[in-house]
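Just so we're aligned: 80 in the numbering used here is position 87 of the sequence shown, and the numbers increase by one with no gaps anywhere. This report concerns only the one structure given below.
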Amino acid sequence: MSVPGWNPDWYHAGESIHSVALKLAHGNSTTVREALRGLTGATPDHRVVAMFPTSDAVGRACRLLDLPVDAGKHLAAGVGLPTEVDRRFLCQALRWCPSCMAQRYHSWKFQDWRRTHCIWHSDALLERCPRCGLVVDPFGMVAWQCPYCREPFAEPLGQGWIEKLRRPIDADRYANDALDLRLGRTVTSSGNQVSVRLLQQYDSGEVGLNGLGWSESAWLRWHAWEECSALVDSQLHVHGDCVAREWLAGRTEFAITSYTCPLGAAVRQTLAWTGCQHERAGGWPGGGMHAADDYGTFCEPLISAPRWLVPAVARELIREWLADAIRTFSAASQEAPSHCSWRPPSRAALTWRADGLEGEILVGEPVEALAAMIAEGNRACVTARA
């Protein structure tokens, strides 16, 4: 039997749990946050269980919504603890097709940052509010609008909304993802090289950042935040609570940091120097400028890059910062609490080049080296040894 305020006929094949939660919240005059918590147990400081719930949680959600078991394959991005390969290209912030949003539909396919356009409409996917320019926290949404400036992302449903949600939509026409990645980027890593290819020219060839203002800084911090979030959800998953506890590492005004887990401290300090905090600390990549950060240093390698290459360079750069922080915090680990002083490198080790629709990022260390550093940090973590 369905939960109150929900009609199983509102569900469309391939729909994400975020899309369902918006409808469920609308039917109950509540927030998406409450709907997601009720369906998956996800909270703003522990989001991964909405993206990768357990098989039991998926089954429970399908029963609550009176949906076939097969629907669970699309409600979530995956089931169980994700690997880094499963997790790293998916975003927590909402990415959406305007035409699909008008039909009250969202797919996990849109959350892959390599994808640039809707597979059904060829609309360019949006990843920031068109009015205020901030990335959209789905947990903060009420109805289909921006949680910050209340800009509507679709026309109000108005009267007869119960029947409107049952209407067939464009995404229903395709049983399979036949147009998958027709437009977008491919990203492959090997050794010291990350190769990025744009499958089709879709913009005006815009270069770099549109200044270093409020909304642009939010967009750039978002990519850094998402990359760290992906690592904590996969390779660093046993240290999620450590990230939450290392609050001193999230304060850049202190010259010396006291900590017990080098991995948790490295994540907190790395993000703090970009001007944001990890979700386990209640953080979200907002647009506020901070006096005590190295945001300008972070932007330096990105200013002249083609705009389609900026996300990949930004994500590799934050991995470079994080690897350096893990190395420093792990080397300084003694008996708890340990003490360390770290600041991001003043000059990036990575370099990039672009030729037409192809780009290449040369990183300072093999991409596989981060896993070895994480293993070293794990051995030095007091919590992990307990």
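For glycine and all other residues, C-beta sits at the position ideal for the given N, C-alpha and C. Computed from a predicted structure; not experimentally measured.
Within 9 Å, strictly: CB atoms of residue i and residue j
i, j, result
"V187", "A305", "yes"
"P338", "Y252", "no"
"V180", "F82", "yes"
"W101", "A69", "yes"
"Y98", "S12", "yes"
"W106", "S92", "no"
"V135", "A43", "no"
"L213", "W3", "no"
"D234", "G257", "yes"
"G350", "L191", "Here residue 350 turns out to be Leu, not Gly, going by the sequence shown. Cβ atoms of L350 and L191: closer than 9 Å."
"A456", "A217", "The question about residue 456 has no answer, for the chain in this structure spans -6 to 379."
"V260", "E293", "no"
"R308", "E220", "yes"
"A50", "A28", "no"
"E358", "N185", "yes"
"G73", "S48", "yes"
"G352", "A274", "no"
"G133", "V(-4)", "no"
"S334", "A248", "yes"
Endpoints, the alpha helix (DSSP H) within which residue i is located
i, result
"L32", "V25 to T33"
"T263", "P255 to T267"
"G20", "I10 to N21"
"A54", "S48 to L58"
"V62", "Unbroken run through V62: none, as it is neither H nor E."
"E272", "Premise fails: E272 is in no alpha helix (DSSP H) and is neither H nor E."
"E156", "W154 to K157"
Span of the beta strand (DSSP E), counted from its first residue to its last, around residue i
i, result
"C333", "S331 to C333"
"I354", "E351 to L355"
"L68", "Where L68 is concerned, there is no enclosing beta strand (DSSP E), although the alpha helix (DSSP H) it sits in stretches over G65 to L68."
"R80", "Here R80 belongs to no beta strand (DSSP E); instead the alpha helix (DSSP H) covers E77 to R80."
"R238", "Looking at the DSSP string, R238 is not in any beta strand (DSSP E); the run it does join, the alpha helix (DSSP H), is G233 to R238."
"V(-4)", "Note, V(-4): premise wrong, no beta strand (DSSP E); not H, not E."
"V42", "No beta strand (DSSP E) holds V42; the alpha helix (DSSP H) holding it covers V41 to M44."
"L191", "Q186 to L191"
Bridge-paired residues (DSSP) for residue i
i, result
"P145", "Q138"
"A361", "Before going further, note that residue 361 is Glu rather than Ala in the sequence given. Looking at the DSSP assignment, E361 forms no beta bridge with any residue, so it has no partner."
"T250", "C333"
"W3", "Paired residue(s): none; W3 is not in a bridge."
"W345", "I354"
"L83", "D105"
"S182", "V187"
"G177", "R108"
"T321", "According to DSSP, T321 bridges with nothing at all."
"T376", "Answer is none; T376 lacks a bridge partner."
"T245", "DSSP output for T245 lists no bridge partner at all."
Proximity winner among the options, relative to residue i (alpha-carbon distances)
i, options, result
"Y141", "W277, W335 and H230", "W277"
"G7", "S297, L192, D49 and G65", "G65"
"H39", "E246, G349, V236 and G268", "V236"
"G71", "L87, D59 and G52", "G52"
"A164", "C111, L127, P(-3) and L118", "C111"
"A211", "W137, A86, E148 and S22", "A86"
"W301", "W314, W345 and Q327", "W345"
"A147", "A95, E358, R190 and F132", "A95"
"L315", "S222, V41 and S115", "S222"
"D286", "G34, P(-3), R244 and C139", "R244"
"M366", "T33, A347, L355 and R312", "R312"
"C374", "E328, H67 and E77", "E328"
"G126", "E144, T290 and H232", "E144"
"T321", "I296, Q262, I354 and H67", "Q262"
"L58", "I296, W(-1) and T250", "W(-1)"
"T376", "A50, D348 and V231", "V231"
"S326", "S9, N371 and Y288", "N371"
"D348", "I296, P359, V189 and I162", "V189"
"G268", "V303, A248, F291 and S(-5)", "F291"
"I10", "T23, S(-5), T33 and V(-4)", "T33"
"H67", "E77, T76 and P46", "P46"
"Q228", "L60, V25, D116 and P75", "P75"
"A318", "P255, G352 and L343", "P255"
"R56", "P1, E120 and A364", "P1"
*Residue ranges of each alpha helix (DSSP H) run of no fewer than 4 residues wholly in the region 287 to 319, ordered along the chain?*
288 to 292
*Which whole runs of the alpha helix (DSSP H) in the region 90 to 137 are 4 residues long or more, in chain order?*
Complete alpha helix (DSSP H) runs here, min 4: 91 to 95.
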